[in-house]
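Heads up: the sequence shown runs through residues 54 to 484, numbered per this note's numbering.
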Amino acid sequence: MGSIRACHSSRYPNPLPPLIQFEPWKFISLSDSKYRETLAVAKVATEKRQLEETSKRLSSALDQVLEVIAILDAGDGSIIYSNTNFSQIFGNPNQWPPHQKFTVLFECQMLATALEQARSGQAWKGRSSLKTYAGKSIVFEGTVSPVRNVEGVVESLVVRLRDITLEVEKDRHLRQVQKMDALGALAGGMVHDFNNLICAILSAAELIERQVGPDSPIQKKLELIQQVGGRARELSKQILNFSRRTDDAWIPFDLTSLITEVKCLLQTTFPSNVEVRSELAKGIRILGDPSQLHQVLMNLGINGSQAMQPDGGVLSIHLEQVETGRRVGDQSFLEPCVQLTVKDTGCGMDPYTLERIFEPFFTTKDVGHGTGLGLSVVYGIVHAHGGNLHVSSEPGKGSSFKIRLPIYQDLNKGMDGSSIESRVSSLFKYI
Ligand SMILES: Nc1ncnc2c1ncn2[C@@H]1O[C@H](COP(=O)(O)OP(=O)(O)OP(=O)(O)O)[C@@H](O)[C@H]1O
Ligand SMILES: [Mg+2]
Numbered sequence: 054m055g056s057i058r059a060c061h062s063s064r065y066p067n068p069l070p071p072l073i074q075f076e077p078w079k080f081i082s083l084s085d086s087k088y089r090e091t092l093a094v095a096k097v098a099t100e101k102r103q104l105e106e107t108s109k110r111l112s113s114a115l116d117q118v119l120e121v122i123a124i125l126d127a128g129d130g131s132i133i134y135s136n137t138n139f140s141q142i143f144g145n146p147n148q149w150p151p152h153q154k155f156t157v158l159f160e161c162q163m164l165a166t167a168l169e170q171a172r173s174g175q176a177w178k179g180r181s182s183l184k185t186y187a188g189k190s191i192v193f194e195g196t197v198s199p200v201r202n203v204e205g206v207v208e209s210l211v212v213r214l215r216d217i218t219l220e221v222e223k224d225r226h227l228r229q230v231q232k233m234d235a236l237g238a239l240a241g242g243m244v245h246d247f248n249n250l251i252c253a254i255l256s257a258a259e260l261i262e263r264q265v266g267p268d269s270p271i272q273k274k275l276e277l278i279q280q281v282g283g284r285a286r287e288l289s290k291q292i293l294n295f296s297r298r299t300d301d302a303w304i305p306f307d308l309t310s311l312i313t314e315v316k317c318l319l320q321t322t323f324p325s326n327v328e329v330r331s332e333l334a335k336g337i338r339i340l341g342d343p344s345q346l347h348q349v350l351m352n353l354g355i356n357g358s359q360a361m362q363p364d365g366g367v368l369s370i371h372l373e374q375v376e377t378g379r380r381v382g383d384q385s386f387l388e389p390c391v392q393l394t395v396k397d398t399g400c401g402m403d404p405y406t407l408e409r410i411f412e413p414f415f416t417t418k419d420v421g422h423g424t425g426l427g428l429s430v431v432y433g434i435v436h437a438h439g440g441n442l443h444v445s446s447e448p449g450k451g452s453s454f455k456i457r458l459p460i461y462q463d464l465n466k467g468m469d470g471s472s473i474e475s476r477v478s479s480l481f482k483y484i
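Shown next, in the form of structure tokens:
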């Protein structure tokens with residue numbers, strides 16, 4: 054192949070189109086009668102080349118956009134074109150049976166409706182979820198646009214999808230945090246006033262008790278007031294635990310020993326069909342309120358045991374040291390933290406329950422069997438200790454609560470608890 058530029062002469066228009074390419078022997082045999090024909094051949098070749106270049110450029114651009122793009126035949130729904138992202142999420146269409154339909158593959162009712170709507174000439178825009186070829190569920194937002202031919206008939210459909218699973222998850226998490234913060238502030242304010250009222254009722258009952266003496270016929274009623282008032286005070290203490298963000302009673306303590314204690318307590322109080330197992334890293338110390346952490350373990354343990362009734366099962370407690378990444382500016386640091394996992398083999402939870410478990414007063418238990426405060430207290434305590442919580446559960450497959458807390462690092466001691474003096478002296482041994 055040669056370029057017409059190499060053959061410029063006074064007989065031909067000058068300058069000639071730069072991209073014209075054709076076979077040189079045709080040029081050599083040029084005569085005036087062939088002039089038009091040769092130029093026509095050259096024009097077709099140029100257009101073909103330009104088309105190829107445009108097509109290459111378009112295909113390379115479509116392969117590099119973040120979205121999934123596919124062009125479907127409007128008639129049978131088969132895929133005419135798909136970009137690289139499409140294959141990454143949905144598998145390579147070249148390996149599908151011929152004329153495999155888009156909707157059949159992904160069994161997404163919403164997409165089927167969208168394709169139908171676009172087929173009738175109306176573009177579709179929306180979000181939904183579907184299963185990828187690897188079996189993973191993703192949330193997407195996208196459009197399906199009809200493409201018409203010169204007669205105005207819809208010939209093909211352009212599908213554009215964007216995987217927004219991560220964004221949706223982040224949004225959900227942010228909303229949850231905001232909701233819990235708002236509930237915490239509200240509950241904290243209410244409980245403060247509520248506590249004052251309870252104190253006034255209990256003090257008044259005590260005064261009356263002293264005035265009327267032990268043999269009075271109202272003694273029993275006064276006892277009832279004190280009993281119910283005491284329970285109300287207990288409840289308000291739990292709500293305060295959920296909303297409180299103070300570090301009044303914080304001390305460095307050995308979390309491993311605390312868990313060992315709670316494990317014994319749980320095993321003795323649980324029904325005999327529940328076995329408690331533990332695997333604990335030794336000597337893990339954190340800074341916090343031991344009685345609150347005790348409560349966290351009790352609440353999680355009791356929930357687990359209740360979820361395993363009536364058949365029983367295994368409650369496992371696992372404590373290990375892990376490292377998490379922390380970013381400051383453009384640098385990232387690895388911070389040691391502890392991960393406490395409380396896992397049961399119980400009934401598990403459906404997504405609706407899972408979404409609400411940390412809300413104060415949310416319970417699925419019968420009236421009188423649960424206040425719905427257990428996990429909201431756990432949530433409040435973990436967050437007050439600078440930690441975070443992750444739950445995974447599926448109906449019939451048990452539940453797993455993972456808590457991460459910052460590990461205690463005494464500036465005068467190493468992570469292994471040795472004092473700075475002993476570490477310096479052991480260092481001198483090697484110098
Ligand atoms: N391990 C678990 N397995 C299955 N469901 C659980 C588990 N832990 C909590 N849940 C669900 O979360 C709900 C809320 O739990 P939470 O501990 O806050 O309250 P509760 O257990 O219902 O009442 P309380 O703790 O006051 O006795 C429970 O009612 C239950 O539906
Ligand atoms: Mg509970």
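Note that the Cβ used here is the ideal one computed from N, Cα and C, for glycine as well.
Quick caveat, the model's predicted, so the values are computed rather than measured.
Could you tell me the alpha carbon to alpha carbon distance between residue i and residue j, rounded to whole angstroms?
i: Cys161; j: Lys184; result: 8 Å
i: Leu372; j: Ala437; result: 20 Å
i: Val206; j: Ile124; result: 16 Å
i: Ser113; j: Glu332; result: 53 Å
i: Glu76; j: Gln103; result: Any reading at Glu76 is ruled out, since the residue's pLDDT is 48, under 50, leaving its predicted position unreliable.
i: Thr309; j: Ala334; result: 7 Å
i: Val97; j: Arg89; result: 12 Å
i: Val327; j: Gly365; result: 5 Å
i: Asn248; j: Ser453; result: 35 Å
i: Gly440; j: Phe411; result: 15 Å
i: Leu255; j: Ile434; result: 28 Å
i: Leu442; j: Met233; result: 13 Å
i: Val265; j: Val281; result: 20 Å
i: Val329; j: Arg172; result: 59 Å
i: Arg110; j: Leu458; result: 51 Å
i: Asp116; j: Gln231; result: 38 Å
i: Asn136; j: Leu407; result: 37 Å
Give me whichever residues DSSP pairs with residue i in a beta bridge.
i: Thr196; result: Lys178 and Arg213
i: Leu219; result: Note: Leu219 sits in no beta bridge, so no partner.
i: Phe454; result: Val395 and Val444
i: Pro305; result: Leu340
i: Tyr134; result: Ile124
i: His371; result: Glu332 and Thr394
i: Gly366; result: Val327
i: Lys316; result: Its beta-bridge partners do not exist; DSSP assigns none.
i: Val207; result: Arg201
i: Ser256; result: Its beta-bridge partners do not exist; DSSP assigns none.
i: Glu376; result: Pro389
i: Leu183; result: Ile191
i: Pro404; result: Answer is none; Pro404 lacks a bridge partner.
Give a single yes or no on whether residue i has its beta carbon closer than 6 Å to a heavy atom of ligand 2.
i: Asn138; result: no
i: Asn249; result: no
i: Gly427; result: yes
For residue i, verify whether its CB is less than 6 Å away from any heavy atom of ligand 1.
i: Asn294; result: no
i: Ile410; result: yes
i: Gly433; result: no
i: Met402; result: yes
i: Lys109; result: no
i: Gly423; result: yes
i: Thr416; result: yes
i: Asp364; result: no
i: Ser112; result: no
What residues in its chain sit with their C-beta under 8 Å from that of residue i, if we drop five residues either side in the sequence?
i: Trp303; result: Leu340, Gly341 and Asp342
i: Asp307; result: Gly336, Ile337 and Arg338
i: Arg201; result: Gly174, Val207 and Glu208
What does a CB cutoff of less than 6 Å around residue i pick up in its chain, not counting 5 residues either side in sequence?
i: Leu214; result: Val121, Phe193 and Gly195
i: Met163; result: Ser181
i: Ala167; result: Trp177 and Val197
i: Leu393; result: Leu372 and Ile456
i: Tyr134; result: Ile124
i: Lys396; result: Ser369 and Ser453
i: Leu428; result: Ile410 and Phe411
i: Phe415; result: Arg409 and Gly425
Output needed for residue i: all residues of its chain with C-beta closer than 7 Å, excluding positions within five of it in sequence on either side, in chain order.
i: Gly144; result: Tyr186
i: Val430; result: Gln291, Asn294, Phe295, Gln348 and Asn352
i: Ile132; result: Ala123, Leu125, Pro146 and Phe155
i: Leu311; result: Pro343, Leu346 and His347
i: Leu277; result: none
Closer than 6 Å: is that where the CB of residue i sits relative to any heavy atom of ligand 3?
i: Asn356; result: Ligands present in the displayed structure are limited to ligand 1 and ligand 2, and ligand 3 is not among them.
Verify the CB distance criterion: does residue i have a CB-CB separation below 7 Å to chain D?
i: Thr196; result: In the displayed structure, chain D is absent; only one protein chain is listed.
contact_flag[the region 268-286, the region 306-324] where n(CB pairs < 8 Å) is 3 or more: no
Cβ contact check for the region 398-415 and the region 438-446: 3 or more pairs under 8 Å: yes
Cβ contact (3+ pairs, closer than 8 Å) linking the region 220-240 and the region 256-265: no
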